[in-house]
Amino acid sequence: MESIARQSKALCPFLHKTSTNSLRSLSTQSRIATVARNCPVMARAMTATQHKQTRAYSVASKPDVAKRSASTLREIQDNIADLVKTKEVFLKQQNQQQQAQAPIDPTKAINGPGFQYESLYEKELDRKHKDKSYRYFNNINRLAKKFPRAHRAAEEDQVTVWCANDYLGMGSHPSVIEAMHSTIDKYGAGAGGTRNIAGHNKHALELEASLADLHKTDGALVFSSCYVANDATLSLLGKKLPNMVYFSDELNHASMIEGIRHSGAKKVIFKHNDLTDLETKLAQYPKSQPKVIAFESVYSMSGSISPIEAICDLADKYGAITFLDEVHAVGMYGPHGAGVAEHLDFDYHASGAPLQAGRSRDVMSRVDIFTGTLGKAYGCVGGYVAGSANFIDWVRSYAPGFIFTTSLPPSTMAGAKAAVDYQKQSMSERVAQQTNTRYVKEQFANIGIPVVPNPSHIVPVLVGDAEKAKAASDLLMAKYGIYVQAINYPTVPIGHERLRVTPTPGHGKELADELVTAMDETFNELGLLRVADWAAQGGRCGVAEPESDKISPIWTDKQLEFNPSHQ
C-alpha cells in the first residue's frame, strides 16, 4: 500500500504539493479524505472508488475477505490509471494557462506563422458564391435630365432604371437641385464635423422643424441615414428603459434588428402583421413593464402594409409605446406625404373632415416614435426620428450614433427640406406613381407574371431561385436595356428570391409596356414559373394563395382624384 501511496503522491497535484509529515498527520486524524476531496484529481478517484464499492457490496452473499482485498487492490490500481490520464489533462490545461499568462517571446512572435486573413476572406466569399447569395453591383449612373434613364460604364450605354428607391424622382427635381446649388455656393461642401463640435446650423434646424411639422410631432432629429437613426434610437431605448422588452415584427428591416440587438434588451418576435400573435405575447408581461412595439408601415420587399391603428390599440391596452418606421412611406402616402399613418385619415388631414364616428384621435397622433428617410421619396440622403420634445432631446443628449457622427452637409439638408416642403403641397407625383404602379401590376397579371400581392407601390416579381433571379436581371439588362436588381438572401428568405420593380411618375405607359414585353420574353427564355405554375405547387409568398386576389390598393380611386387646390 505504501508503494501505491507513493505513486498517488507522484501523480496527484494535491498529494504532490503536501509533505509526508502532513499527510501522515492528516491520515492519523482521519482528515485526509476531507482534504483530498478539495483536489480535482483525488476527488474524482474517490468518487469512482466509492461508486465501485457500493456496487460490489450490494450483493446478498457475504464476500470473501481475500477477494475483497484483491478487488480493492485492483480498484486502487484502476484509479491510479485514471489518475495518470486525469493528471495529463490537468497538466495540459495548466500549461495552456501558463502560456497565456507568460510574456510573449518577441522572437517567436515575429518569426512564427501569422493568421491567414486573406484565406478567411476567400473562404467566406467562396461560400457566398456557392449558395448564390453573392451580391453583384451594376455600374448605374442616373441622368438627372433624363430621369428615369441612366448610363452604365460608357455614357452611350443607356438603360431604363426600374428598381431605384427615388420613388418620386425628387433627386432630379428642379426645386431640390436649386436649393442644393445655392447652398453649396454659399456654405461649401462639407458639414465640418459633428454638430456637437462643428456647431448647430440653420439648415439642420429648418429641416428638423419641417419634419416635425410633417408628422405633427413636437420635434425631430436628423441623422446621417435612417439605418443609423433606427440603430441609435432603438439601442438607446433598450439600454435606458429598465427591464424593457421589444416586440418586433419578424420582417423588420436589418437596421431595426441591429438596434434591438445592440440594446441588449429582451426581444420578442411576432409573426408578420399578426395581431393575435402580438397580443398573445404582450399579455405575458405586466402592463407596468416598459415595452416597445417596433414595426414598419410599408415592408419594402413584400409591399405589405401594417395595421397601424390596431397595433396602437394593443399598445394602449398593454402599456407599450410604438416605434413606426415609415421609411418606404414618407412622401408616398397621405395628402402631405407624411406616410401611411397620415394616409389612414386622408380626408381628415387633407381637408379637416371629421374623423369616423367613435374615434377621438387620428392614427398619426397615436404613434409615439416615427423614423423616416430623406434618401428615397425625397431624393436626397439622411434619416430622422420624430417624437415628443423630451424624447428628441433625450436621443440628442444620449445616442452615440448622433453625438459622434459627422452631420449632413448644409446643401444636403437644404435639398431635403426643399423636397419635404414641396411634397407637402403637391399630390401630382404621388398620384402619378400610384397610377403607373396600378398599370404595371394589371399588365403583369394579364400574362401571369407572379407579383407578390400587396396594397402598396412595390411590385415584387417572384422568381423563387437565386441563380435564376440573377440570370433574369442580367438578361433584362443585356437584351432589353432594363435595370431591375435581383433580390436574394438575406434580404429575403431562400426560395423567395425576386425582382423588385418600383415604378415612378416617370414610368409612363410607353416605358411600362416595354417592361411588360421584356419580362414576358425573359420568363419564356429562362423557363421561370408563372402564376399557374405556382398554383400547381400550392403557392408561395402570397402568389396563387387563398385570399391573395382580395387585396386592394391603399390609394382609393377617390384619393387619386383628390385636388389640393380644392382645399
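Quick note: the sequence shown uses the UniProt record's numbering, first residue 1, plus one each step. The beta-carbon is built from N, C-alpha and C at its ideal position, and this holds for glycine as well.
In this structure, how does DSSP classify D345 when only helix, strand and coil are distinguished? coil
Contact set for G193: own chain, Cβ-Cβ below 8 Å, skip 5 residues either direction: T406 and S407
Is it right to say Y227 is buried, meaning 16 or more other beta carbons lie within 10 angstroms of its own, or is it exposed? buried
Report the option in D166, D345 and N273 whose CA atom is closest to the CA atom of L314. N273
What first and last residue would you give for the alpha helix (DSSP H) that runs through T412? P410 to Q425
Taking DSSP's pairing of strands, which residues face P460 in a bridge? R500
Which runs of the beta strand (DSSP E), 3 residues or longer, sit entirely within the segment 256 to 283? 266 to 270
Going by DSSP in three states, V340 sits in which element: helix, strand or coil? helix
For G464, which of G539, M427 and W394 has the nearest alpha-carbon? G539
Could you pull out every residue in the same chain whose Cβ sits closer than 8 Å to the Cβ of K470, ignoring the five residues on either side in sequence? K132, Y136, A486 and N488
When the Cβ atoms of the segment 503 to 514 are set against those of the segment 140 to 153, are three or more pairs found closer than 8 Å? yes
With burial defined as no fewer than 16 other Cβ atoms inside 10 Å of the residue's Cβ, what is the status of L125: buried or exposed? exposed
Name the two residues that bound the continuous beta strand (DSSP E) containing L237. That residue, L237, is in no beta strand (DSSP E); its alpha helix (DSSP H) goes C226 to K240.
Residue from K130, V222, L211 and A399 whose Cα sits closest to the Cα of P409: V222
Can at least three beta-carbon pairs, one atom from the segment 465 to 484 and one from the segment 387 to 402, be found at a separation below 8 Å? no
Identify which residue in N95, Q158 and W534 has its Cα closest to the Cα of G481. Q158
Secondary structure at R359, three-state DSSP: helix, strand or coil? coil
Contacting residues, own chain, Cβ-Cβ under 6 Å from A341 (five flanking each side not counted): I308, V363, M364 and V367
Using DSSP with H/G/I as helix, E/B as strand and the rest coil, what is S552? coil
Report the rounded CA-to-CA distance for C436 versus Y285, giving the unit in angstroms. Here residue 436 is Asn; the residue named in the question, Cys, does not match the sequence. Distance between the alpha carbons of N436 and Y285: 46 Å.
In terms of alpha-carbon separation, which member of G372, S473, L278 and G358 lies closest to residue 591? One cannot answer for residue 591 here, as it falls past the ends of the chain, which runs 1 to 567.
Please report how far the alpha carbon of V440 lies from the alpha carbon of M170, in whole angstroms. 21 Å
Assess contact between the segment 277 to 291 and the segment 317 to 329, defined as three or more Cβ pairs (one per stretch) separated by less than 8 Å. Is contact present? yes
Which first and last residues belong to the beta strand (DSSP E) in which D249 is found? V245 to D249
Mind reading off the beta-carbon distance from R430 to G303? Whole number of angstroms is fine, and I expect it under 8 Å. With 8 Å as the limit, R430 and G303 do not qualify as a contact, their Cβ atoms being about 16 Å apart.
Is there contact here, the segment 257 to 272 with the segment 226 to 242, by at least three beta-carbon pairs under 8 Å? yes
Would you mind sorting A460 into buried or exposed? The rule is 16 or more other CB atoms within 10 Å of its CB. At residue 460 the sequence reads Pro, which differs from the Ala that was named. Counting Cβ neighbours within 10 Å, P460 comes out buried, since at least 16 surround it.
Taking DSSP as the reference, what is the three-state secondary structure of I369? strand
How far does the beta strand (DSSP E) with Q158 in it reach, from first residue to last? Q158 to V161
Between H200 and F370, which are expected to be in contact by the criterion C-beta below 8 Å, what is the C-beta distance as a whole number of angstroms? The pair is not a contact, with the Cβ atoms about 22 Å apart (cut-off 8 Å).
Using 10 angstroms around the beta-carbon of Y117, count the other beta-carbons present and answer buried if the total reaches 16, otherwise exposed. exposed
Spatial neighbours of T522 within its chain, please: C-beta separation below 7 Å, excluding the five flanking residues on both sides. A472, L475 and L476
With respect to the alpha helix (DSSP H) encompassing G401, which residues constitute its N-terminal and C-terminal limits? P400 to I403
I believe I449 touches R500 by the beta-carbon criterion, under 8 Å. Please report the beta-carbon distance rounded to the nearest angstrom. 13 Å between Cβ atoms; not a contact.
Can you give the beta carbon distance from V516 to Q423, rounded, assuming they're within the 8 Å contact cut? About 29 Å separates the two Cβ atoms, so there is no contact after all.
Closer than 7 Å by C-beta to K267: which residues in its own chain qualify, once you throw out the five before and the five after it? Chain order, please. Y246, S248 and I260
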